[in-house]
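**Q**
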Amino acid sequence: MRIEVQEAPFDFAAEVARFEAGLAGMGAVVTFTGIVRDHAQGGLQVMEIEHYPGMTAQAIEKIAGEALARWDLGDVLVIHRYGLLTPGERIMMVATAAPHRADAFAAADFLMDYLKSRAPFWKKEITERGADWVAAKDADEAALDRWT
2 MRIEVQEAPF DFAAEVARFE AGLAGMGAVV TFTGIVRDHA QGGLQVMEIE
52 HYPGMTAQAI EKIAGEALAR WDLGDVLVIH RYGLLTPGER IMMVATAAPH
102 RADAFAAADF LMDYLKSRAP FWKKEITERG ADWVAAKDAD EAALDRWT
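For the sequence shown, the residue numbers in this note's numbering are 2 to 149.
(1) Assuming L78 contacts E16 under a Cβ cut-off of 8 Å, what Cβ separation, rounded to an integer in Å, is found between them?
(2) In terms of DSSP beta bridges, what is L86 paired with?
(3) If you follow the alpha helix (DSSP H) that F20 is part of, which residue opens it and which one closes it?
(4) Tell me the residue span of the beta strand (DSSP E) that contains A99.
(5) Work out the CA separation of L85 and M48 for me, nearest whole Å.
(6) Since P100 and R38 are thought to touch, with beta carbons under 8 Å apart, how far apart are those beta carbons, to the nearest angstrom?
(7) With a threshold of 7 Å on Cβ separation, who are the neighbours of F33 within its own chain once the five nearest residues in sequence on each side are excluded?
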């Protein structure tokens with residue numbers, strides 16, 4: 002399991018290659034990459050993401066550990082960025098490896114639902130009109146509820 006909370010951009014292809022190296026006996030690798038998108042339809046200049054160092058990584062490690070306990074996984078990777086990001090930049094990635102695809106997909110979906118709704122990140126959209134904090138949407142909460 003590897004958890005990275007970082008300001009710097011990441012190279013998706015390099016991260017996938019690193020993750021897949023040495024995965025003996027795994028029949029499936031599922032990856033997801035989140036990209037900053039312009040919810041303001043042309044007005045988003047920057048997405049500012051804040052977090053509490055230490056606490057954020059610890060919270061993600063806990064939920065990744067839960068994924069490892071729930072599904073037959075060989076490994077888990079979560080990378081999440083913070084700082085100032087512009088539309089089109091990669092914000093996060095999740096990778097899961099498992100002997101079978103069902104476990105890899107379910108665990109990746111579970112991790113993404115958690116990261117979207119409960120991970121201790123705070124997002125602010127900065128547009129031409131000002132700045133607004135982004136709240137979790139009801140649909141995101143409902144997606145997370147299906148895992149309880």
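C-beta atoms are modelled at their ideal positions from N, C-alpha and C, and glycine is treated no differently. These numbers were taken from a predicted model, which means no experiment stands behind them.
**A** Result, derived from the coordinates:
(1) Indexing the sequence shown from 1 puts residue 78 at position 77. Indexing the sequence shown from 1 puts residue 16 at position 15. Contact holds; Cβ gap of about 7 Å.
(2) Your numbering for residue 86 matches position 85 in the sequence shown. Answer is M48.
(3) Sequence index remark: in the sequence shown, residue 20 carries index 19 (1-based). Segment 13-21, the alpha helix (DSSP H) holding F20.
(4) In the sequence shown, residue 99 corresponds to position 98, counting from 1. It spans 91-99 - the beta strand (DSSP E) in which A99 sits, taken as one unbroken run.
(5) As a working note, residue 48 is residue 47 in the sequence shown. As a working note, residue 85 is residue 84 in the sequence shown. Near 6 Å, if we compare the C-alpha coordinates of L85 and M48.
(6) Here residue 100 refers to the residue found at position 99 when the sequence shown is read from its first residue. Here residue 38 refers to the residue found at position 37 when the sequence shown is read from its first residue. With a Cβ gap of about 34 Å, P100 and R38 do not count as contacting.
(7) Position 32 of the sequence shown, counted from the first residue, corresponds to residue 33. Taken in chain order, the residues that qualify are M94, V95, A109, M113.
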